[in-house]
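As given, the protein sequences belong to chains A and B, one line each in that order. If you read the first sequence in this note's numbering, its first letter stands for residue 1, the second for the next number, and so on. If you read the second sequence in this note's numbering, its first letter stands for residue 1001, the second for the next number, and so on.
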Amino acid sequence: QKEVEQNSGPLSVPEGAIASLNCTYSDRGSQSFFWYRQYSGKSPELIMSIYSNGDKEDGRFTAQLNKASQYVSLLIRDSQPSDSATYLCAVNMGRYSTLTFGKGTMLLVSP
Amino acid sequence: EAQVTQNPRYLITVTGKKLTVTCSQNMNHEYMSWYRQDPGLGLRQIYYSMNVEVTDKGDVPEGYKVSRKEKRNFPLILESPSPNQTSLYFCASSLDAGAVYGYTFGSGTRLTVV
């Protein structure tokens, strides 16, 4: 069974803090990893992708991947109330496989 | 503008009345997929299509039909809707089933079956 696990939250952080969102996956052969942001009632929006071990930074967002530990994380620096949303981790498990999504972690950033 | 367009955005219907939710993409994507999203259950895949005339079941296909007669369109058909199909539905598309490029999602269709 291919699985992607996330803590459902909510994760509450004050404005300006670093938010750390975590995701584990079951398939050691997974190749591609994505983070989506979803506001309530809206569609998921792709914010980060990562394919190699290590860190990838894009503005206030940093994705981290550790394939040996089957772990991927998303750091949001200088968190803003507008970052309050549910963050979905998605993993492509094999070259011809479709994305498997976690259930998401709700992030709440308080002013 | 590159986008995935779903219609309608909101739909209230009665049990057993056939309905179709349309999905169209203008990015020449090979791959398209349908998901439903329910509280506590996350995104669950209903059907997907790797290319024209190629479709396959996802995790929750019961009660749904799809077709892919042309690359840009991938309609979702509920031939006899039931209240347990009340949900938020998303269509998604991608160049490569998400291996490199991830998915682009439509705006969603909120379906209520009474």
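Built from N, CA and C at the ideal position, the CB exists for glycine as well.
Practice item. Could you tell me whether any Cβ in chain A is nearer than 8 Å to the Cβ of B:Y1048? Key: Taking the first residue of the second sequence as position 1, residue 1048 of chain B is located at position 48. Chain A contact via Cβ: present.
Point to revise | Amino acids of chain B, ordered along the chain, whose beta-carbon sits closer than 9 Å to that of A:F101 | key: Here residue 101 of chain A refers to the residue found at position 101 of the first sequence. Result: Y1035, G1042, L1043, R1044 and Q1045.
Practice item. If I'm right that A:Y39 touches A:A68 with Cβ under 8 Å, what's the distance once you round it to whole angstroms? Key: One-based indexing of the first sequence puts residue 39 of chain A at position 39. One-based indexing of the first sequence puts residue 68 of chain A at position 68. Distance from A:Y39 to A:A68 at the Cβ level is roughly 34 Å; contact not present, criterion being Cβ atoms closer than 8 Å.
Exercise for review: Just tell me which of B:V1052, B:F1074 and B:P1081 has its CA closest to the CA of B:G1063.
Suggested key: As a first step, residue 1063 of chain B is located in the second sequence; it is residue number 63 there, counting from the start. The alpha carbon of B:G1063 has as its nearest neighbour, out of B:V1052, B:F1074 and B:P1081, the alpha carbon of B:P1081.
Point to revise | A:F61 at chain B interface by Cβ criterion, 8 Å | key: Position 61 of the first sequence, counted from the start, is the residue given in the question as residue 61 of chain A. Not one chain B Cβ lies under 8 Å of A:F61.
Exercise for review: To the nearest angstrom, report how far apart A:Y25 and A:S73 are at their CA atoms.
Suggested key: Along the first sequence, read from residue 1 onward, the residue named residue 25 of chain A stands at position 25. Along the first sequence, read from residue 1 onward, the residue named residue 73 of chain A stands at position 73. The straight-line gap from Cα to Cα measures roughly 11 Å.
Check your understanding: What does DSSP give as the partner residues of A:E45 in its beta bridges?
Key -> Working through the first sequence from its first residue, we reach residue 45 of chain A at position 45. Looking at the DSSP output, A:E45 bridges to A:R37.
Review point. According to the neighbour-count rule (16 or more other Cβ atoms, all chains shown, within 10 Å of its Cβ), is B:T1109 buried or exposed?
Key: If you number the second sequence from 1, residue 1109 of chain B lands on position 109. Around the beta-carbon of B:T1109, 16 or more other beta-carbon atoms lie within 10 Å, marking it buried.
Point to revise | Element boundaries [beta strand (DSSP E), containing B:M1027] | key: Numbered from its first residue, the second sequence carries residue 1027 of chain B at position 27. Premise fails: B:M1027 is in no beta strand (DSSP E) and is neither H nor E.
Point to revise | Contact list for B:V1100 against chain A, beta-carbon separation under 7 Å | key: Counting from one through the second sequence, the residue named residue 1100 of chain B turns up at place 100. Residues of chain A whose Cβ lies closer than 7 Å to the Cβ of B:V1100 are, in chain order, S32.
Review point. Using a beta-carbon distance below 8 Å, is B:A1002 in contact with chain A?
Key: Residue 1002 of chain B sits at position 2 when you count from the first residue of the second sequence. No - not a single Cβ of chain A is within 8 Å of the one on B:A1002.
Point to revise | Interface flag, A:L46 vs chain B, CB-CB below 8 Å | key: Your numbering for residue 46 of chain A matches position 46 in the first sequence. At least one CB atom of chain B sits nearer than 8 Å to the CB of A:L46.
Review point. Is any beta-carbon of chain B found at less than 8 Å from that of A:S12?
Key: Numbered from its first residue, the first sequence carries residue 12 of chain A at position 12. No, because no Cβ of chain B sits closer than 8 Å to the Cβ of A:S12.
Point to revise | Residue(s) in a DSSP beta bridge with B:R1044 | key: Counting from 1 along the second sequence, the entry for residue 1044 of chain B is found at position 44. B:R1044 pairs with B:R1036.
Point to revise | Within-8 Å CB hit, B:S1087 to chain A | key: Mapped onto the second sequence, residue 1087 of chain B falls at position 87. So, not an interface residue.
Review point. A:L21: which of A:R77, A:M93 and A:S110 sits nearest, CA to CA?
Key: Translated into the one-based positions of the first sequence, residue 21 of chain A becomes position 21. Here the closest residue by C-alpha is A:R77.
Review point. Any beta-carbon of chain B closer than 8 Å to the one on A:N53?
Key: Numbered from 1 along the first sequence, position 53 holds the residue referred to as residue 53 of chain A. Chain B, which has no Cβ nearer than 8 Å to the Cβ of A:N53, makes this no.
Practice item. Determine, using beta carbons only, whether A:S32 and B:G1040 come nearer to each other than 8 Å. Key: Reading the first sequence from its first residue, position 32 is the one you call residue 32 of chain A. Reading the second sequence from its first residue, position 40 is the one you call residue 1040 of chain B. Their beta carbons are not under 8 Å apart, which means A:S32 does not touch B:G1040 by this criterion.
Check your understanding: In the structure shown, what three-state DSSP assignment does B:Q1085 receive?
Key -> Reading the second sequence from its first residue, position 85 is the one you call residue 1085 of chain B. Here B:Q1085 sits in helix by DSSP.
Review point. With A:F61 and A:L46 assumed to form a contact (beta carbons below 8 Å), what rounded beta-carbon distance in angstroms separates them?
Key: Taking the first residue of the first sequence as 1, we reach residue 61 of chain A at position 61. Taking the first residue of the first sequence as 1, we reach residue 46 of chain A at position 46. About 11 Å separates the two Cβ atoms, so there is no contact after all.
Practice item. Return the bridge partner residues of B:R1110 from the DSSP annotation. Key: Translated into the one-based positions of the second sequence, residue 1110 of chain B becomes position 110. Beta-bridge analysis with DSSP links B:R1110 to B:Y1010 and B:L1088.
Review point. Among all the DSSP beta bridges, which residues are the ones paired with B:D1056?
Key: The residue you call residue 1056 of chain B lines up with position 56 of the second sequence. Per DSSP, B:Y1048.
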